[in-house]
Every structure is written in C-alpha cells, then in structure tokens.
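K.L.:
Encoded as structure tokens, here's the structure I'll be asking about.
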Amino acid sequence: DSANTNIGINGTGTGTGTDGLTPTVYRGYENILGGNVWEFIDGWNAIGDAATGKYHIIRRDGLGNINDIDGNGMLNAGNYEASVAVPLTGTPGNFVLGYTTDIEHENLLAFLFIPSNVTGGSGATYLCDWFYSHKNGINNSLRAFGYWHYADSAGVGHRSAYGVVTYSYPDSSARLEFV
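In terms of our numbering, the sequence shown has 141 at position 22, counting the first letter as 1, and numbering is strictly consecutive.
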C-alpha cells in the first residue's frame, strides 16, 4: 500500500490502499496512534465482577510501586487507588463489547477513556472507538489502540481489557520504520 514510500519530507503521509484499511505515517512512525500495536496501560487493573468489581489505578501521589504485584500481575494493596465506578463486565467467562457511547467521569479515571456504556454507538457516532470489557470474575490489564485492519473500531480511544498480560494474537504486531 506504499505507506513506506508515499510520505512527505517530514515523514508524514498515508498509504494508497483502501480508505480506512491502510496505515498512516506520522513523523516516520507507522500507525503511532491507533494502529498496528497494542499498548499496555501501566498501573491499571480491572478487578472482580459487576457486584464487587473496581478499577485499580496506580496511586496519583507517586507513592505506588508499579513493580509490587501479586502472582497474577495485579497491583498489591497500598500501591493503587480503587475507583468508585463499577467495571462493565459480562456474564461469568464473557465480556461486554461495543462502541463507546459514554465514558466514566470519575476523577480517578480521568483521561483513561474508560467506558460507562457501550450501547447504541457506531464508527460514526459518540466516541467512535471499540471497547472490550474484562471477563466477569477474572482480573485483567488494559490495552489501548488496536491494529489498523479493524479501521473504524481501533482508534485512539480503543480500549481492551479482556486479555491477560500474556495474551498474544498472531496478526497483532508492530514494526518501527524510518527512525
């Protein structure tokens, strides 16, 4: 799709493939925002289920130790603040997914784009990005972005909490070019 060669002198441009299914390049970095790579959100955990669940966020006062975790990769007590917001979760073993239509406005979750609702949205309405909740009863980490093949569902606001830290998928990868 010519993304490597179809860029300006400043390293910015797009490929020549199908609109919405071709990568973008900004300052030499391919798909730096919302494409081709999952990025883990450090210091965020989804804990438990809809009845007892909380989001655990690394302490804002700087006193939380991101390396002090339990055997499941979750932050140990004293290193996080617990949210008031109850995580979106599905039935046991399942997750909620959809386009984000509203975000949590709790101060602790500010700027994380954590959805409070994923009903009734699309790639052209509301936040326009997809969300996968963590599975009910399972503790998970949070990933941002996605890969450009999914076009309108994998932008800057895309969030996925359904996989554990060791999750991998064969068509999700990244490469650094023109650095």
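Note that CB positions come from ideal geometry on N, CA and C, so glycine has one too.
Distance, Cα to Cα, Thr141 vs Asn125?
P.N.:
Between Thr141 and Asn125, the C-alpha separation is close to 12 Å.
K.L.:
Leaving aside the five residues before and after Tyr251 along the sequence, list all residues of the same chain whose C-beta is less than 7 Å from its C-beta, in chain order.
P.N.:
Around Tyr251: Phe214, Leu216, Ser279, Ala280, Tyr281.
K.L.:
Enumerate in chain order the residues of its own chain whose CB-to-CB distance from Pro211 is below 6 Å, with the five nearest sequence positions on each side excluded.
P.N.:
Asn255, Gly256.
K.L.:
Based on the DSSP output, what are the partners of Arg178 in its beta bridges?
P.N.:
In DSSP, Arg178 forms no bridge with anything.
K.L.:
Have a look at Asp248, Arg179, Met193 and flag the residue whose alpha-carbon is nearest the alpha-carbon of Gly167.
P.N.:
Cα-wise, what sits closest to Gly167 is Met193.
K.L.:
Pop quiz: Gly172 and Thr208 are said to be a contact at Cβ under 8 Å. What is the actual Cβ separation, rounded to whole angstroms?
P.N.:
About 6 Å; that satisfies the 8 Å criterion.
K.L.:
Please report how far the alpha carbon of Ser241 lies from the alpha carbon of Ile160, in whole angstroms.
P.N.:
Cα-Cα distance, rounded: 24 Å.
K.L.:
With burial defined as no fewer than 16 other Cβ atoms inside 10 Å of the residue's Cβ, what is the status of Ser202: buried or exposed?
P.N.:
The residue in question, Ser202, is buried, as its Cβ has 16 or more Cβ neighbours within 10 Å.
K.L.:
In its own chain, which residues sit with a C-beta less than 7 Å from the C-beta of Leu227, not counting the 5 before and 5 after it?
P.N.:
So the list reads Ile176, Glu200, Ser202, once near-sequence residues are dropped.
K.L.:
Looking only at DSSP bridge pairs, what is Pro211 linked to?
P.N.:
Note: Pro211 sits in a beta bridge opposite Asn255.
K.L.:
Thinking C-beta only, is Asn195 closer than 8 Å to Asp189?
P.N.:
Yes; because the gap between Cβ atoms is below 8 Å, this pair is in contact.
K.L.:
Taking just the CA atoms, how far does Gly132 sit from Leu246?
P.N.:
About 24 Å.
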